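Structure first, then comments.
Numbering (our numbering), first residue to last: 811 to 1251.
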């Protein structure tokens, strides 16, 4: 997941900033396992919770372990915490990463040199990393945050996107409406010409709504004009010491290993993407919700991402989108800066995070444009950068969060979710979380 027009970030942006988390050291993990075992045997609460979370069979649903824990048990817990099923799998992964890193450093043959290749990604976050990893193909950035704002089924939809992006992000990225429109047009032209210019197109997308909606757009194009070879690297997890959010976190050797796991995109997958793209642009979200319920078996991460998209509709019980609700939940615990809210949502709260920091800032800005405030914004000192602004929930905000007052009764500004326009002055589509359906209220 990347950001519209590459704005400055609250979180680290370069892959090198994340390398310690995803470039694992075997000796360090052995040391961690020994320390974890000692803490567990000493009754440390955090160690016990970690064991119960990742090694439940040791308890067999009881309150005390079935037997004393051994080092192999602690190693299993460490492996599963990192995201692998066993200690041998963890060792194999670390050795594979190191081996690939050695190959890169010694100038191994470019993995994509066998044919004219285009690497297509919804952002620029892996562009330099692909080069560091030894890839020589061209790179196309298609980075419109289609998960936010209008994507209508009309020939002028790109122009409408330019209007929205200029209003929501233009000042933050230092670009005019004309510059943003030019970038969108160039990206569309590059996408439409890809099949005729390259023998192979490789799609690099992860599992969140930002990526999956862009993936649907790309697949819709390639369903009609397929290249000679269409391949895809797609994933929802990568072993490491922090939550995997996107490919931009990964070092070069990880991209080389993922290249070896890429898959051919079938015509059925391309058509499933085209179906999703068509449904996303409709003014009635009912068919989209039905498709989400049925699933997209051809594309493993699409249904979950589109469900998260639907959750941005106003909820039937309080009128809040899921992101708006999560913001108020964070503030209900204690005041937070916008930057702190962003980190909390990305690393912990959001079940499927898709926002950039500037996207969250736009959410906050719109939540301030209501008849009565649900939070108060103020700066604590002389540092007046927008992500330092501290938000404090009001009693009204707590009432909205509790469902005692409907958010739309506060006259928030119009907003778009794909082809759906949400307005407070008329009945609009809402999301029924329990049933997973949409209704008009």
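C-beta: ideal position from N, C-alpha, C; glycine also. Keep in mind the model is a prediction, meaning the values are calculated, not measured.
Query raised in the report: Which residue or residues does DSSP assign as beta-bridge partners of residue 927?
Result: 1010
Proximity to residue 1027 [Cα-Cα], best of 1089, 1043 and 974:
1089
Which listed residue (971, 1084, 1082 and 1116) has its alpha carbon closest to that of residue 1098: 1116
message: At 4 residues or longer, what runs of the alpha helix (DSSP H) sit wholly inside the stretch 943-993?
response: Whole alpha helix (DSSP H) segments, 4+ residues: 967-983.
By alpha-carbon positions, which one of 954, 968 and 1109 ends up nearest to residue 1164? 954
Problem set entry | Whole-angstrom distance between residue 1188 and residue 928, CA atom to CA atom | Roughly 46 Å between the two C-alpha positions.
Alpha-carbon to alpha-carbon, residue 1056 and residue 1156 | 11 Å
Once the 5 residues before and after residue 1171 are set aside, which same chain residues still bring their CB inside 8 Å of it? 982, 1148, 1196 and 1197
**Request:** Kindly indicate which three-state DSSP category residue 1189 falls into: helix, strand or coil?
**Result:** coil
Would you call residue 1229 buried or exposed, if buried means 16 or more other Cβ atoms sit within 10 Å of its Cβ?
With 16 or more other Cβ atoms within 10 Å, it is buried.
- When the Cα of residue 840 is compared with those of 858, 867, 898 and 830, which residue comes out closest? 898
What do you reckon, is the C-beta of residue 928 under 7 Å from a heavy atom of the ligand ZN? Although the ligand ZN was asked about, the structure shown includes no ligands whatsoever.
Tell me whether residue 1252 is buried or exposed, calling it buried when 16 or more other Cβ atoms sit within 10 Å of its Cβ.
What the structure shows of the chain is the stretch from 811 to 1251, and residue 1252 is not part of that stretch, so it cannot be assessed.
Quiz item: Going by Cα to Cα distance, which pick from 1119, 1179 and 833 is closest to residue 961?
Solution: 1119
**Message:** Does residue 910 pass the burial test, meaning 16 or more other C-beta atoms within 10 Å, or should it be called exposed?
**Reply:** buried
| message | Short of 7 Å in beta carbon distance, which residues of its chain neighbour residue 1136, apart from the five on each side in sequence? Order them along the chain. | response | 1155, 1159 and 1160
Exercise. Can residue 939 and residue 1065 be called in contact, C-beta distance under 8 Å?
Worked result: With respect to residue 1065, residue 939 sits close: the two C-beta atoms are nearer than 8 Å.
| message | I'd like to confirm the pairing. Which residues does DSSP put opposite residue 1041 in its beta bridges? | response | Per DSSP, 1012 and 1074.
### Separation of residue 1167 from residue 820, as counted between CA atoms
Because the pLDDT of residue 820 is 33, which lies under 50, any placement of that residue in the model is unreliable, and the number read from its coordinates should be weighed accordingly. Looking at the two C-alpha atoms, the distance is approximately 6 Å.
* **First and last residue of the uninterrupted alpha helix (DSSP H) at residue 1207** => Looking at the DSSP string, the run of the alpha helix (DSSP H) that includes residue 1207 is 1205-1211.
Considering residue 1120, what are the terminal residues of the alpha helix (DSSP H) in which it resides? 1112-1120
Less than 8 Å between the beta carbons of residue 855 and residue 868, yes or no?
no
* Asked: Which residues in the same chain have their Cβ closer than 6 Å to the Cβ of residue 997, if we skip the five residues on either side of it in sequence?
  -> 952
### Query
Assuming residue 1011 contacts residue 930 under a Cβ cut-off of 8 Å, what Cβ separation, rounded to an integer in Å, is found between them?
Right, the Cβ-Cβ distance comes to about 6 Å (below 8 Å), so this counts as a contact.
>> Which residue marks the beginning of the alpha helix (DSSP H) containing residue 1148, and which one marks its end?
In response: 1148-1154
### Task
Reducing DSSP to helix, strand and coil, say where residue 890 ends up.
helix
Decide yes or no for the touch test of the stretch 1064-1078 against the stretch 1024-1044: beta carbon pairs closer than 8 Å, at least 3 of them.
yes
One question on the structure: do residue 1177 and residue 1134 come within less than 8 Å of each other, judged by their Cβ atoms? yes
Is the beta carbon of residue 1203 less than 8 Å from the beta carbon of residue 1141? Result yes, Cβ atoms of residue 1203 and residue 1141 sit closer than 8 Å.
Buried or exposed, going by whether 16 or more other CB atoms sit within 10 Å of the CB of residue 971?
buried
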